[in-house]
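Asks: Just passing along the structure, written as structure tokens.
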């Protein structure tokens with residue numbers, strides 16, 4: 001009688017142990033899979049983040065932890081080109097369109113503009129209402145940042161024209177764009193409050209680009225660049241000088257140039273008197 | 277076994293493979309196993325030889341710990357999103373007996389930063405040289421020195437990162453198929469042959485020995501090569517550069533212009549003067565060079581140079597698929613050897629300019 005009881009008891013114990021081992025093994029496997037998935041996500045996140053934050057800053061954030069990383073990645077002085085774009089007449093349009101339609105039109109606009117900026121090695125720093133602030137040369141050294149920014153502006157002009165064909169076909173209002181571009185020295189780094197920080201460029205250049213953008217309406221030109229930027233541009237861009245204008249917050253009148261064509265379409269012999 | 281880069285968008289190959297038994301046998305003699313993709317590089321022999329010979333496993337490193345070198349290759353390939361090289365180095369580690377779990381732990385360690393401080397500093401240095409270029413190299417170099425790594429190890433880490441930058445671009449830009457390498461360990465026969473593969477890899481893998489450097493003609497990168505005098509790295513760099521300059525598919529001036537643009541884009545102040553001097557020797561006016569460096573074009577350039585100067589710039593900071601698409605556009609205007617040589621020159625220049633900024637002012 002004792003023998004079968006012992007055997008049954010042992011079998012129950014072995015079964016219990018096997019079941020516990022299996023459960024533990026299964027749990028370990030699940031945890032390992034979760035850990036691998038999290039690690040893979042982290043890798044992807046790190047790679048995606050490199051589009052918005054320079055590699056060095058990202059390394060500090062990952063290696064030192066967020067708080068120490070922010071302290072270690074001190075902001076630095078850099079020359080950056082700032083492109084400021086805004087839709088003309090958007091307030092009137094927002095009153096006329098259904099919210100869902102307006103959102104679709106604006107999202108299509110933002111996507112096309114972002115693509116044009118990204119294609120020319122800029123990065124979109126902010127969407128401000130229907131405005132866009134983009135930086136060239138902030139994330140990585142870029143000695144060709146001025147040409148890139150103006151090429152991006154020309155691509156944005158072309159993209160708006162194409163988009164307007166689509167909008168016109170649907171009977172929607174057409175979009176018009178004003179772009180101001182300036183280049184200058186400023187502070188680049190992580191700025192903001194503890195709860196929310198962003199990699200940003202701080203300096204007079206951002207204000208100048210925004211003010212120059214407002215001049216596009218006065219000068220009836222969609223792309224305006226400052227004198228500081230024009231001197232760095234490839235001579236084959238066709239620029240038309242505009243009268244100097246005072247703008248809010250800047251004591252000196254601002255000299256600007258309208259961008260007519262890029263190097264691919266422009267031939268030096270085709271330049272008109274007064275053009276650069 | 278999947279790696280984290282398998283979701284990276286990858287185009288179809290830009291060039292056709294050209295089977296070359298002599299080249300394949302050269303690769304087998306050097307590495308013990310056939311090189312699965314060497315046929316893609318056959319039209320440009322110097323590039324094919326560089327792909328085989330510039331490898332940290334085979335007789336180039338004298339001071340740096342091999343595992344640290346493997347980690348640098350892994351992390352730089354990860355940074356450059358090179359699916360091919362990433363899968364190749366994982367496959368190599370696996371073939372040498374490392375379990376997938378251990379490889380994954382290593383990858384996680386790279387993310388979680390819990391490696392030993394010396395290894396961590398070495399990996400951070402390699403990553404920084406590749407990703408930030410000269411701008412980030414100085415700070416990473418100081419960290420590396422503080423962690424106790426010697427000058428010779430530092431130079432070998434710089435070289436390992438540079439050769440990985442070369443391999444990453446040389447495989448990424450022409451979109452050399454990554455899937456066959458990625459899926460290789462999934463095949464039953466490969467798993468069965470794994471112990472044999474491991475033995476072959478270990479047998480052919482060897483440490484570098486002191487090597488005499490023949491006098492280097494005063495030309496671009498000569499100072500960089502001389503920095504590695506006495507190491508097999510100096511000899512392999514001298515040979516690769518000599519073969520690259522002599523290769524007939526692109527003119528010497530075109531190659532130098534591409535390198536000058538990459539040096540400028542990276543802000544490499546130490547390589548740029550040598551390249552400028554070489555261009556002036558080739559008869560390029562200073563004003564033309566200034567225009568090229570400022571605007572990536574000049575009327576005096578020939579049609580191929582006008583295509584390849586802006587292309588060189590694209591290779592400095594890149595995402596694989598857009599760069600592969602841009603390279604594909606060149607395919608219509610250039611022959612396969614010309615395109616491949618352009619990719620080789622840009623790849624090598626990206627590695628060497630980054631390395632030059634790191635080691636030339638030590």
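Residue numbers (the numbering used here), protein chains in the order written: chain G, 1 to 276; chain A, 277 to 638.
Using N, Cα and C, we set each Cβ at its ideal position, and we do this for glycine too.
Note that the coordinates shown come from a computational prediction; the quantities given were computed from them, not determined experimentally.
1. Can you tell me whether residue 245 of chain G is helix, strand or coil according to DSSP?
2. Under the DSSP definition of a beta bridge, which residues are partnered with residue 81 of chain G?
3. Output the distance between the C-alpha atoms of residue 576 of chain A and residue 524 of chain A, rounded to the nearest integer angstrom.
4. Residue 85 of chain G and residue 113 of chain G - do their beta-carbons sit closer together than 8 Å?
5. How about residue 134 of chain G and residue 83 of chain G: are their beta carbons less than 8 Å apart?
6. Between residue 28 of chain G and chain A, is any beta-carbon pair separated by less than 8 Å?
7. For the alpha helix (DSSP H) holding residue 436 of chain A, just list the boundary residues, first then last.
8. Using the beta-carbon of each residue, which ones in chain G are nearer than 8 Å to residue 540 of chain A?
9. Using 8 Å as the cut-off, can you tell me whether the region 398-411 of chain A makes contact with the region 315-326 of chain A, which would need three or more C-beta pairs spanning the two stretches below that distance?
10. Do you know how far the Cα of residue 585 of chain A is from the Cα of residue 195 of chain G?
11. State yes or no: is the beta carbon of residue 36 of chain G nearer than 8 Å to at least one beta carbon in chain A?
12. If the cut is a Cβ gap below 8 Å, which residues of chain G does residue 447 of chain A touch?
13. Counting along the chain, where does the alpha helix (DSSP H) carrying residue 197 of chain G start and finish?
14. Let me see if you follow: with CB-CB separation under 8 Å, is residue 147 of chain G close to chain A or not?
15. What whole-angstrom Cβ distance do residue 450 of chain A and residue 619 of chain A have, given they're in contact under 8 Å?
16. Give the interface partners of residue 140 of chain G over in chain A, defined as CB-CB distance under 7 Å, in chain order.
17. Any C-beta of chain G within less than 7 Å: which residues of the region 414-440 of chain A qualify?
18. If we define contact as Cβ-Cβ less than 8 Å, is residue 577 of chain A a contact residue for chain G?
19. Can you check whether the CB of residue 486 of chain A is closer than 8 Å to the CB of residue 286 of chain A?
20. Taking only three categories from DSSP, how would you classify residue 478 of chain A?
21. I want to see whether chain D comes within less than 8 Å of residue 636 of chain A, judged by CB atoms only; does it?
22. Can you give me the C-alpha to C-alpha distance between residue 507 of chain A and residue 431 of chain A, rounded to a whole angstrom?
23. As a quick exercise: from G:10, G:37, G:254, pick the residue whose alpha carbon is nearest that of residue 205 of chain G.
24. Counting only runs of 3+ residues fully inside the region 505-577 of chain A, write out the beta strand (DSSP E) ranges in chain order.
25. Please work out which residues of its chain come closer than 6 Å, Cβ to Cβ, to residue 274 of chain G, disregarding the five sequence neighbours upstream and downstream, and give them in chain order.
26. Mind checking whether residue 437 of chain A and residue 352 of chain A have CB atoms under 8 Å apart?
27. With residue 155 of chain G and residue 119 of chain G assumed to form a contact (beta carbons below 8 Å), what rounded beta-carbon distance in angstroms separates them?
28. Starting from residue 128 of chain G and walking both ways along the beta strand (DSSP E), at which residues does that stretch end?
29. Could you name each continuous beta strand (DSSP E) segment of 3 residues or more that falls completely within the region 80-116 of chain G, going from the start of the chain to the end?
30. Exposed or buried, residue 622 of chain A, counting other C-beta atoms within 10 Å across all chains shown (16 or more means buried)?
31. Using the beta-carbon of each residue, which ones in chain A are nearer than 9 Å to residue 234 of chain G?
32. Looking at C-beta atoms only, is the number of pairs between the region 475-486 of chain A and the region 364-383 of chain A that lie closer than 8 Å three or more?
33. By the criterion of Cβ-Cβ separation under 7 Å, what are the contact partners of residue 411 of chain A in chain G?
34. In whole angstroms, what is the alpha-carbon distance linking residue 247 of chain G and residue 125 of chain G?
35. Take the Cβ of residue 605 of chain A as the centre, count every other Cβ of all protein chains shown within 10 Å, and call the residue buried at 16 or more, exposed below.
36. For residue 621 of chain A, report the span of its alpha helix (DSSP H) as first-last.
Replies: According to the data block:
1. strand
2. G:136, G:183
3. 21 Å
4. yes
5. yes
6. no
7. 427-448
8. 143
9. no
10. 44 Å
11. yes
12. Those within 8 Å of residue 447 of chain A in chain G number zero; the least Cβ separation is about 18 Å.
13. Run containing residue 197 of chain G: none in the alpha helix (DSSP H); it sits in the beta strand (DSSP E), 197-202.
14. yes
15. 6 Å
16. 593
17. none
18. no
19. no
20. helix
21. Judged by its chain identifiers, the structure shown contains no chain D, and its protein chains are G and A.
22. 10 Å
23. G:254
24. none
25. Low per-residue confidence applies at residue 274 of chain G: pLDDT is 40, beneath 50, and the placement is therefore not dependable enough to give any value.
26. yes
27. 6 Å
28. 122-128
29. none
30. buried
31. 567, 570, 571, 572, 573
32. yes
33. 141
34. 23 Å
35. exposed
36. 612-635
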